[in-house]
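Residue numbers for the sequence shown follow this note's numbering, beginning at 662 and rising by one.
Data block below; observations after.
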Amino acid sequence: MLLVLLYHTQLSFQTAGYLGVDVFFVISGFLITSIIRNDLASGQFSFGKFYSRRLRRIMPASLVVIALSFAVSGFFLTSGIQKNFNETAIASIFFVSNISLWLQSGYFSSDSALQPLLHMWSLSIEEQFYLFLPLLLFLIPQRRHFVLVCLALVLSLVLCLAFVSTKTSATFYLLPTRAWSLLLGAACSIALGGQHAPKIDRPLLGYMGLAILIAVPIFAPGKQFGWPHPSVDSVLVCCAVVLILVFRCPLLDTGGMVKVLGWFGNISYSLYLVHWPLVAFVNNAYMSELPPVWIRVAIAIVSIGAALLLFATVEKPLRYASGKRLRTQGIMVLCTVLACVGLGKLVTLDGRTDENLAHRLRPNTGLSDGCEHVDRFVQNQECTTGERPDTLVWGDSYAMHLVPAFLSNTEVVLAQATKSVCGPIHGIAPKHSDYLRGTQFIRDCFDFNQSVIDYVRDHPSLEVVVLSSLLNQYFFLDVQDADGNEVVLKPEDLALEIESTVELIRAAGPKAVLFAPTPSEGAGFNPHSGFDIGLCLERGMSGLIVAGKDSNCTIDESVYRAQEALSLSVLDLLEQRGNVPVFRFDNFLCAQGECAAREDDVLIYRDKGHLSYEGSQRLGAKYDLLGEARELAR
């Protein structure tokens, strides 16, 4: 649990502290299987007794945390995040929040770091697992338990590794692909003969397990080679836990460190419950920007204090209470939950939120959601404004958000050729980890861009091609060339690739112009990603806490230029050479060291970098963006 706490508060040098959940799954599977098998062996097992014990162990503390989170959510969450929170809260009560969160996930979904009950997915998986395990162990003869569990383990692991690259979200959130780590703990318990069985005296193997357990979260070798989570790193840490459980490791047998870890182990469930809502509420206030160190330290300290309080007042008393005392404690918890729910309804700020605000900040996909192409571009009715387009908008989502701006010019016939993350650059493609470790996405990106070039050659009515891209994906993601070779790009390399693409366009007849990405304090795939401008605007207009920014959510131009230095260098090189005309938003959005995020009541941005529909329309009408583009093009 300490791994997870330090990772979530970003106070650790670990790159994969989230692996603490996998460690927990193995230990949980080991302990619970031992309890079930011991009760079966002694003839004392009862489904009613098992589930009653689980409910008393899990439910009261989780209900209190869910209710308290709901009570304060109105002070921190915007309407869209509040809606997702309410759905997750209900799902968490019934231990299906993993399914709810999976259904909420997507390219344009709210940042997961803003969801106060995001962490409940792992508790849901654990409880779903324990719906089936006791029944299987009860129905199958004990001599076959090990074979049964190992078969289920292998099947789950195979499913996990087979789908983690193509169905990353489902693999992460759903039981069939996460059960293997719990089953590994169960298999370990069965092989040893229970939790109190003596360990095998092979301390070298125990120390090896400890070393792996320390090293993998720090170096994350699987992550370094492009494997998404859960996969290689999860397998390594889970096997490390097995080594520690099976073989004696003297360092973990005695000593002060063991006592400290044991103390944290006692409150680990309460700490698990309370820490993430605190982190998420602060993340909301800071609009996804990294809070100051002292804030993150304070979150860690408050989390430990709150966990102690929850453990002492709710978890421990109800876990061991019986009879009249159990009823009294249960009533107290129920009254606390109801009071928190009532307070939450009272302070929810939906009434202070513009009902149309969420609609105004909806994803800006241009002419239609259907203009998010997968592989090849084929002109269709929903992605064009007429039969004979004279202007083509080509690029990633930073081309999509330009389209509403261009629609103010009704004399021009537009066609939209867009694919998220895939920039309008013919010779290279980025890896996008949502797809088969990026390889399928790369193929689709190459096919898409080639089909756009073919379209330009086949449509002599085209006069201008407007290219636009975030650009930083070519610096912060892995990139391949057309021959399948990995390439590391410098700004001058990317500038050359853009110039080559523009030459292909000109050879087919049309002129070309490149639109720069909008100013931001770190957007897209920048690892130093800054605050969410759209979220800041929404919070300001909803009367919610806005930390570290003014109510207009202005962008610090010096931060913008530092964070996006690589992309800006590409634009500078193109302008210096004079081969590709570049249109820059910062020429009219930025002044006196600040870049505007709104004009009067118009919200220019919808997230960290994309223009909102109304922001795009306002800029298009005010500055005649399409007219400027056509005039600049050559």
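Note that the Cβ used here is the ideal one computed from N, Cα and C, for glycine as well.
Distance CB(residue i)-CB(residue j) smaller than 8 Å
| i | j | result |
| --- | --- | --- |
| residue 877 | residue 1173 | no |
| residue 1027 | residue 1101 | no |
| residue 1084 | residue 1141 | no |
| residue 737 | residue 1025 | no |
| residue 1158 | residue 1103 | no |
| residue 960 | residue 674 | no |
| residue 1164 | residue 1052 | no |
| residue 1177 | residue 1241 | no |
| residue 861 | residue 896 | no |
| residue 1136 | residue 1150 | yes |
| residue 722 | residue 976 | yes |
| residue 778 | residue 727 | yes |
| residue 1156 | residue 1235 | yes |
| residue 1128 | residue 1175 | yes |
| residue 687 | residue 902 | yes |
| residue 1251 | residue 1218 | yes |
| residue 1074 | residue 1031 | no |
| residue 942 | residue 757 | no |
Where the alpha helix (DSSP H) containing residue i begins and where it ends
| i | result |
| --- | --- |
| residue 838 | 836-853 |
| residue 1276 | 1274-1284 |
| residue 1091 | No alpha helix (DSSP H) holds residue 1091; the beta strand (DSSP E) holding it covers 1089-1091. |
| residue 790 | 781-800 |
| residue 1226 | 1226-1238 |
| residue 929 | 929-946 |
| residue 676 | Counting along the chain, residue 676 falls outside any alpha helix (DSSP H), and DSSP gives it neither H nor E. |
| residue 954 | 954-971 |
| residue 740 | 740-754 |
| residue 873 | 864-880 |
| residue 1248 | 1247-1250 |
Cut-off 7 Å between Cβ atoms - residues of its own chain near residue i, not counting five sequence neighbours on either side
| i | result |
| --- | --- |
| residue 771 | Unreliable placement is indicated for residue 771, whose pLDDT of 46 sits below 50; the coordinate value is still reported in the next sentence. So the list reads 741, 742, 745, once near-sequence residues are dropped. |
| residue 866 | 904, 908 |
| residue 957 | 670, 671, 672 |
Beta-carbon separation (whole angstroms), residue i vs residue j, contact threshold 8 Å
| i | j | result |
| --- | --- | --- |
| residue 682 | residue 783 | 5 Å |
| residue 929 | residue 694 | In fact, because the Cβ distance is near 19 Å, the residues do not count as touching under 8 Å. |
| residue 1112 | residue 1192 | In fact, because the Cβ distance is near 37 Å, the residues do not count as touching under 8 Å. |
| residue 720 | residue 749 | About 17 Å; that fails the 8 Å criterion. |
| residue 1212 | residue 1204 | Between residue 1204 and residue 1212 the Cβ distance is about 10 Å, and since that is not below 8 Å, they are no contact. |
| residue 1057 | residue 1130 | 5 Å |
Collapsed DSSP secondary structure at residue i in the structure displayed
| i | result |
| --- | --- |
| residue 1139 | coil |
| residue 1097 | Only weak support is given to the placement of residue 1097: the predicted model assigns it a pLDDT of 42, under 50, and the question is left unresolved by the model. |
| residue 760 | helix |
| residue 704 | coil |
| residue 1045 | strand |
| residue 1207 | coil |
| residue 829 | helix |
| residue 1073 | coil |
| residue 1218 | helix |
| residue 1147 | strand |
| residue 1032 | helix |
| residue 1125 | strand |
| residue 1132 | coil |
| residue 775 | helix |
| residue 1013 | Only weak support is given to the placement of residue 1013: the predicted model assigns it a pLDDT of 45, under 50, and the value that follows is read from those uncertain coordinates. Here residue 1013 sits in helix by DSSP. |
| residue 1265 | coil |
| residue 1260 | strand |
| residue 1159 | helix |
| residue 950 | coil |
| residue 1243 | strand |
Other residues of its chain near residue i: CB distance less than 6 Å, five sequence neighbours each side excluded
| i | result |
| --- | --- |
| residue 1080 | 1034, 1109 |
| residue 813 | 844 |
Contacts around residue i, its chain only, beta-carbon distance under 8 Å, and the 5 residues preceding and following it disregarded
| i | result |
| --- | --- |
| residue 932 | 662, 666, 925, 964, 965, 968 |
| residue 1288 | 1070 |
| residue 713 | none |
| residue 1098 | Confidence at residue 1098 is low in this model, with a pLDDT of 47, below 50, so the placement of that residue should be treated as unreliable; the coordinate-derived value is given next. Within the same chain, residue 1098 has close Cβ partners 826, 887, 888, 889, 1092. |
Residue i, enclosing beta strand (DSSP E) - first and last residue
| i | result |
| --- | --- |
| residue 1053 | 1052-1056 |
| residue 1174 | 1172-1176 |
Proximity test, residue i beta-carbon vs the ligand MG heavy atom, cut-off 7 Å
| i | result |
| --- | --- |
| residue 936 | What this structure holds is no ligand at all, so the ligand MG is not there to describe. |
Residue i at chain B interface by Cβ criterion, 8 Å
| i | result |
| --- | --- |
| residue 898 | Of the protein chains in this structure there is only one, and it is not chain B. |
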